[in-house]
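> The structure's right below; bear with me while I get my questions together.
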Amino acid sequence: EADIYQTPRYLVIGTGKKITLECSQTMGHDKMYWYQQDPGMELHLIHYSYGVNSTEKGDLSSESTVSRIRTEHFPLTLESARPSHTSQYLCASSETNRQNEKLFFGSGTQLSVL
Amino acid sequence: GQQVMQIPQYQHVQEGEDFTTYCNSSTTLSNIQWYKQRPGGHPVFLIQLVKSGEVKKQKRLTFQFGEAKKNSSLHITATQTTDVGTYFCAGGPYGGATNKLIFGTGTLLAVQP
């Protein structure tokens with residue numbers, strides 16, 4: 001249904017590596033988000049963007065950074081991965097219309113840091 | 001900070017039985033949304049409620065938004081195995097940035113055939 005894509009689907013890396021999680025959407029949505037979710041737990045907002053060149057930190061402190069140079073692209077970067085970063089990362093987008101604020105989620109990236 | 005709690009955390013039912021999950025916010029909400037996440041999958045939007053006391057139905061699913069706009073419920077009539085998954089409510093706070101939803105703790109539903 002949703003045209004929002006995340007890559008890679010799974011990633012296993014060693015401590016200290018720099019990684020970038022990709023997220024792209026083809027729906028023309030201005031708003032995009034990154035959530036972090038541990039198994040069986042709730043979603044925590046770590047970053048969001050309301051448009052190009054707009055990025056804000058979410059409610060959960062994260063050592064990751066994001067950028068929004070193009071409307072359709074919202075990558076998340078970890079400069080130096082640690083085992084505590086092991087989690088699922090979900091990207092989402094939503095329409096600008098305030099009457100319909102539903103989130104469209106990507107399939108997620110399951111990150112394991114050894 | 002604002003919290004959104006859901007109960008129960010886990011529910012196991014026989015196919016055909018009814019199921020209800022409850023969502024409670026520590027503060028008044030501008031709207032409440034419900035999402036379903038299948039095992040190994042990503043959350044999928046089900047519905048959004050905006051008005052105080054609002055009730056919406058989708059086939060076997062009934063959603064309610066409390067009069068005080070601080071709680072909500074999802075009721076499934078005659079569960080089926082396809083209902084398996086985690087159900088999350090997500091509240092939109094008043095005064096916060098648009099669409100900074102606060103997700104609830106989720107209810108995992110298991111349905112035994």
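Residue numbers (the numbering used here), protein chains in the order written: chain A, 1 to 114; chain B, 1 to 113. Note that CB positions come from ideal geometry on N, CA and C, so glycine has one too. Here the structure is a predicted model, which means the values were calculated and not measured.
Measure the beta-carbon distance from Lys102 of chain A to Gln33 of chain B and round it to whole angstroms, keeping in mind my assumption that it falls under 8 Å.
So it is a contact: roughly 6 Å between Cβ atoms.
> What does Phe88 of chain B reach in chain A if we use C-beta pairs closer than 8 Å?
What Phe88 of chain B touches in chain A: Glu42 and Leu43.
> Under a Cβ-count criterion, where at least 16 other Cβ atoms within 10 Å of its own Cβ denotes burial, should Asp18 of chain B be classed as buried or exposed?
Exposed is the call here.
> If distances are taken between C-alpha atoms only, which option among A:Ile4, A:Glu63 and A:Arg9 comes closest to Gln110 of chain A?
The candidate whose alpha carbon is nearest that of Gln110 of chain A is A:Arg9.
> Less than 7 Å between the C-beta atoms of Leu90 of chain A and His12 of chain B, yes or no?
Contact: no.
> For Gly16 of chain B, I'd like the list of residues in its chain whose CB is within less than 6 Å of its CB, leaving aside the five on either flank, ordered along the chain.
Excluding sequence neighbours, Gly16 of chain B sits near Ala78.
> Please classify Arg38 of chain B as buried or exposed, where buried requires at least 16 other C-beta atoms within 10 Å of its C-beta.
Burial call: exposed.
> Return the chain-ordered list of same chain residues with a C-beta closer than 7 Å to the C-beta of Gly92 of chain B, the five sequence neighbours on each side being excluded.
Result list for Gly92 of chain B: Leu29, Ser30, Asn31, Asn99 and Leu101, in chain order.
> For Phe103 of chain B and chain A, any beta-carbon pair shorter than 7 Å?
Judged by the 7 Å Cβ criterion, Phe103 of chain B is in contact with chain A.
> Report the residues of the segment 71-102 of chain A with a CB closer than 7 Å to any CB of chain D, ordered along the chain.
In the structure shown, chain D cannot be found, because the protein chains are A and B.
> Taking the CB atoms as reference points, tell me whether Met32 of chain A and Phe74 of chain A lie closer together than 7 Å.
In this structure, Phe74 of chain A lies closer than 7 Å to Met32 of chain A by Cβ.
> Going by DSSP, what residues sit across from Ser64 of chain A in a beta bridge?
Answer is none; Ser64 of chain A lacks a bridge partner.
> At the 7 Å Cβ level, is Gly108 of chain A part of the contact set with chain B, yes or no?
Chain B, which has a Cβ nearer than 7 Å to the Cβ of Gly108 of chain A, makes this yes.
> Is it buried or exposed for Lys59 of chain B, if we count other Cβ within 10 angstroms and need 16 for buried?
Burial call: exposed.
> Leaving out five residues on either side along the sequence, give the residues of the same chain with a beta carbon under 7 Å from the beta carbon of Glu67 of chain B.
Within the same chain, Glu67 of chain B has close Cβ partners Ser52 and Gly53.
> Could you give the C-beta distance for Ile4 of chain A and Gly106 of chain A, rounded to a whole number, given that I count them as a contact under 8 Å?
Confirmed, Cβ separation roughly 5 Å.
> Please name the residues in the segment 22-41 of chain B whose beta-carbon is closer than 8 Å to at least one beta-carbon of chain A, in chain order.
Cβ contacts with chain A: Asn31, Gln33, Tyr35 and Gly41.
> Put Thr82 of chain B into one of helix, strand or coil per three-state DSSP.
Thr82 of chain B: helix per DSSP, three-state reduction.
> Using three-state DSSP, classify Pro43 of chain B as helix, strand or coil.
Three-state DSSP puts Pro43 of chain B in a strand.
> Check whether chain A comes within 7 Å of Phe45 of chain B, counting only Cβ atoms and requiring the distance to be less than that.
Yes, Phe45 of chain B counts as interfacial toward chain A.
> Helix, strand or coil, according to DSSP, for Ser52 of chain B in the structure here?
Coil at Ser52 of chain B, not helix or strand.
> Using a Cβ cut-off of 7 Å (strictly closer), state whether Gly66 of chain B contacts chain A.
It does not; no Cβ of chain A falls within 7 Å.
> Can you look up His85 of chain A in the DSSP assignment and give me helix, strand or coil?
Of the three classes helix, strand and coil, the one that applies to His85 of chain A here is helix, per DSSP.
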